[in-house]
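A.B. asks: Got a structure here, written out as structure tokens. Questions coming.
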Amino acid sequence: MLPNLKARRITGMQLAGKHLGPVAKCPPRYSEEDWDYNNKIKFRITCDQEKLAERIVEESRRVVDETKDTTENWQREVEHHMRERTSEIRFLVDELNRQKKTAMLEDEALNTYRNRVLNAIEFLKEKSLAICKQCLILREGRIGVDLCDDEVDRSLRRELKVIKGCQGLADAALKEAEEQIRKLRAAIYLLDQDLAAKDKSLAIDEKNLKLKEFQHDLGKGQDLSKSHCQFSLTEWQAQTYENLEANAKALVSAGQLRAYIDLLLKQVCEDMQNQTDRTNEAFERRIAETKHVKQCLENKHKDTMDHIHQVQRNMTDLEKEMMDKQRAITLCQTRLSNRAHRPGLELTCDMVQDALYNELQALKASVCKLNQKLNENKASMRYLMHVQVMQEEEINIKANTCKIDEVDCMTLRQALKYQSF
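Just so you know, we're using the numbering used here here: the sequence shown kicks off at 222 and counts up by one.
This is the structure in structure tokens:
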């Protein structure tokens with residue numbers, strides 16, 4: 222309604238008066254000026270609204286074009302950043318995979334070296350140490366003067382000391398290898414965790430790159446504009462580079478440890494082989510010396526037996542000679558007894574009588590000399606028999622020593638062949 226129009230149109234019934242009866246009113250009447258004014262106002266309002274609508278439409282189209290360009294620009298920028306991000310993630314994933322592969326190969330190699338150290342420790346314990354102690358125990362079975370502290374015993378004790386020293390070095394290397402394997406596997410675990418996270422992030426970004434606004438399966442996105450990321454890009458890069466650096470350090474340490482184990486096992490083998498060779502040479506010298514002494518004793522024993530047989534034959538000859546002399550004495554005494562029965566003046570001390578007396582004295586003197594020599598031969602026989610027993614005991618001692626050193630110990634020591642494990 223126009224504001225300057227005073228009249229108000231009332232339609233329908235109106236209640237008036239005390240009796241509240243219905244009163245009919247006639248519709249109001251307007252002038253031509255009011256009609257003309259009303260039409261102009263309506264036209265003006267219409268034109269104004271049309272112009273406003275046109276301006277709003279133009280502005281809407283401009284806003285649509287502007288927002289479309291802005292959206293496209295932002296989408297292009299986001300996709301560009303996403304492609305850069307995926308490229309960076311792929312690069313890091315490739316680097317992580319390369320480092321992981323290298324670390325796994327290094328872990329396998331280090332585990333092989335650990336097994337080599339275990340084999341060395343087992344060989345030193347089960348072979349070297351056991352054989353060395355067994356040789357010392359076997360050599361305690363020597364008897365007599367051969368149970369002496371000789372060069373072989375000293376070499377065995379030095380070998381025992383070298384074995385224990387090598388065991389200590391091998392045990393320390395084993396602990397270092399196990400600790401390095403633990404560190405390497407911890408680094409591999411961190412790489413696996415980082416790879417899993419990056420693979421998932423890469424899959425998400427690649428999926429986002431494939432998404433288009435006109436797709437029907439976009440679903441309902443959540444407004445996460447007010448949510449904040451927990452970590453910055455610098456922290457993300459720093460974490461990955463820390464993992465790569467930790468893995469690189471573990472790889473360097475593992476390589477250095479493998480080189481040290483190589484050198485250690487080589488040195489252990491050389492030291493043990495040198496000491497084993499020196500001990501074997503001491504055994505061979507001692508065996509040669511014992512065999513030489515044993516051969517000399519056997520030769521002397523043979524000579525002693527020859528002397529015993531010679532003394533026995535001499536004693537037999539002396540006894541036979543004494544028996545002959547005894548018969549000669551009996552003959553002389555019989556002659557003297559018979560001449561004692563000569564009658565009267567015939568019982569004279571003639572030359573025959575003197576000769577018989579002289580013969581008897583000479584025979585008795587010969588018997589005494591023969592008996593003295595017989596006693597000397599018997600004494601010599603006793604001494605020779607004692608020497609024979611002594612020689613046989615020494616020969617048995619030397620034979621026992623040769624058996625222990627050559628048969629028992631050297632047979633055991635043939636198993637001591639050192640390699641690089």
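Using N, Cα and C, we set each Cβ at its ideal position, and we do this for glycine too.
Only a predicted model underlies this, so the values are computations on that prediction, with no experimental measurement involved.
Can you round the beta-carbon distance between CYS553 and LEU577 to whole angstroms, since I take them to be within the 8 Å contact cut?
C.D. replies: 6 Å
A.B. asks: What is the DSSP secondary structure of GLU613, reduced to helix, strand or coil?
C.D. replies: helix
A.B. asks: Let's see if you can read the secondary structure: which residues bound the alpha helix (DSSP H) around ASP629?
C.D. replies: Unbroken run through ASP629: none, as it is neither H nor E.
A.B. asks: Can you tell me which of the three DSSP states PHE642 falls into?
C.D. replies: In the structure shown, PHE642 sits in coil (DSSP, three-state: anything other than H, G, I, E or B).
A.B. asks: Reducing DSSP to helix, strand and coil, say where SER252 ends up.
C.D. replies: In the three-state reduction of the DSSP assignment, SER252 falls in the coil class, being assigned neither a helical nor a strand state.
A.B. asks: Three-state secondary structure (DSSP) at GLU271?
C.D. replies: helix
A.B. asks: Please classify ARG363: does DSSP put it in a helix, a strand, or coil?
C.D. replies: DSSP, read as helix, strand or coil, puts ARG363 in coil.
A.B. asks: Taking C-alpha atoms, which residue in GLU280, ILE266 and ASN336 lies nearest to PHE642?
C.D. replies: ASN336
A.B. asks: Compare the Cα-Cα distances from THR333 to each of THR500, ALA398 and MET606 and report the closest residue.
C.D. replies: ALA398
A.B. asks: With DSSP collapsed to three states, give me the class of ARG563.
C.D. replies: Assignment of ARG563 by DSSP, reduced to helix, strand and coil, places it in the coil class.
A.B. asks: What three-state label does DSSP hand PHE643 in the structure shown?
C.D. replies: There is no way to answer for residue 643, as the model of the chain reaches only from 222 to 642.
A.B. asks: Should GLU427 be listed as close to the ligand NAD, given that the test is whether its C-beta is under 7 Å from any heavy atom?
C.D. replies: Judged by which ligands are present, the structure shown has none, so any question about the ligand NAD falls away.
A.B. asks: Please state whether DSSP places CYS369 in a helix, a strand or coil.
C.D. replies: coil
A.B. asks: Rounded to a whole number of angstroms, what is the C-alpha to C-alpha distance between ASP498 and LEU345?
C.D. replies: 16 Å
A.B. asks: Comparing alpha-carbon positions, which option in LEU331, GLU279, ASP290 and ASP255 lies nearest TYR481?
C.D. replies: LEU331
A.B. asks: I need the straight-line Cα distance from VAL588 to MET543, nearest angstrom please.
C.D. replies: 6 Å
A.B. asks: Under the assumption that VAL489 contacts ALA341 (Cβ atoms under 8 Å), give the Cβ distance between them as a whole number of angstroms.
C.D. replies: Under the criterion of beta carbons closer than 8 Å, VAL489 and ALA341 qualify as touching, at roughly 6 Å.
A.B. asks: If you count every other CB in all the chains shown that lies within 10 Å of the CB of GLU261, and 16 or more means buried, which is it?
C.D. replies: The question names Glu, yet the displayed sequence has Lys at residue 261. The residue is exposed, with fewer than 16 neighbouring Cβ atoms inside 10 Å.
A.B. asks: Ordered along the chain, which non-local residues of its own chain (more than five positions away) have a Cβ less than 7 Å from that of PHE504?
C.D. replies: VAL373, ASP626, CYS630 and MET631
A.B. asks: VAL314 and LEU423 - do their beta-carbons sit closer together than 8 Å?
C.D. replies: Yes, they are a contact pair.
A.B. asks: Buried or exposed: which applies to GLN401, given that a residue is buried once 16 or more other Cβ atoms fall within 10 Å of its Cβ?
C.D. replies: buried
A.B. asks: If you measure between the beta carbons of VAL473 and LEU395, is that distance less than 8 Å?
C.D. replies: Their beta carbons are not under 8 Å apart, which means VAL473 does not touch LEU395 by this criterion.
A.B. asks: Between ASP370, THR461, LEU359 and GLN547, which lies nearest to CYS623 when the distance is taken from Cα to Cα?
C.D. replies: LEU359
A.B. asks: If you reduce the DSSP assignment to three classes, tell me which class ASP571 lands in.
C.D. replies: coil
A.B. asks: Tell me which same chain residues have a C-beta within less than 8 Å of the C-beta of ASP420, skipping the five on either side of it?
C.D. replies: VAL314
A.B. asks: How would you call LEU273, buried or exposed, if buried means at least 16 neighbouring beta carbons within 10 angstroms?
C.D. replies: Here LEU273 is exposed. Its C-beta has fewer than 16 other C-beta atoms within 10 Å.
A.B. asks: Is it buried or exposed, ASN429, if we count other Cβ atoms within 10 angstroms and call 16 or more buried?
C.D. replies: exposed
A.B. asks: Is it buried or exposed for LEU645, if we count other Cβ within 10 angstroms and need 16 for buried?
C.D. replies: Outside the displayed span of the chain (222 to 642) sits residue 645, for which this structure offers no information.
A.B. asks: Can you have a look at ASP575 and say buried or exposed, based on whether 16 or more other CB atoms are within 10 angstroms of its CB?
C.D. replies: exposed
A.B. asks: Let's test the definition: count the other Cβ atoms within 10 Å of the Cβ of SER453 and tell me whether it reaches 16, buried, or not, exposed.
C.D. replies: exposed
A.B. asks: Please tell me whether ILE616 and LYS515 are closer than 8 Å, where the distance is taken between their beta carbons.
C.D. replies: yes
A.B. asks: Under 6 Å Cβ to Cβ from LYS447, same chain only, skipping five residues before and after it: list those, please.
C.D. replies: Annotation note: pLDDT 49 at LYS447 (below 50); position unreliable, coordinate value reported separately. Here the set comprises nothing.
A.B. asks: Please say whether LEU539 and LEU584 have beta carbons closer to each other than 8 Å?
C.D. replies: Cβ atoms of LEU584 and LEU539: not closer than 8 Å.
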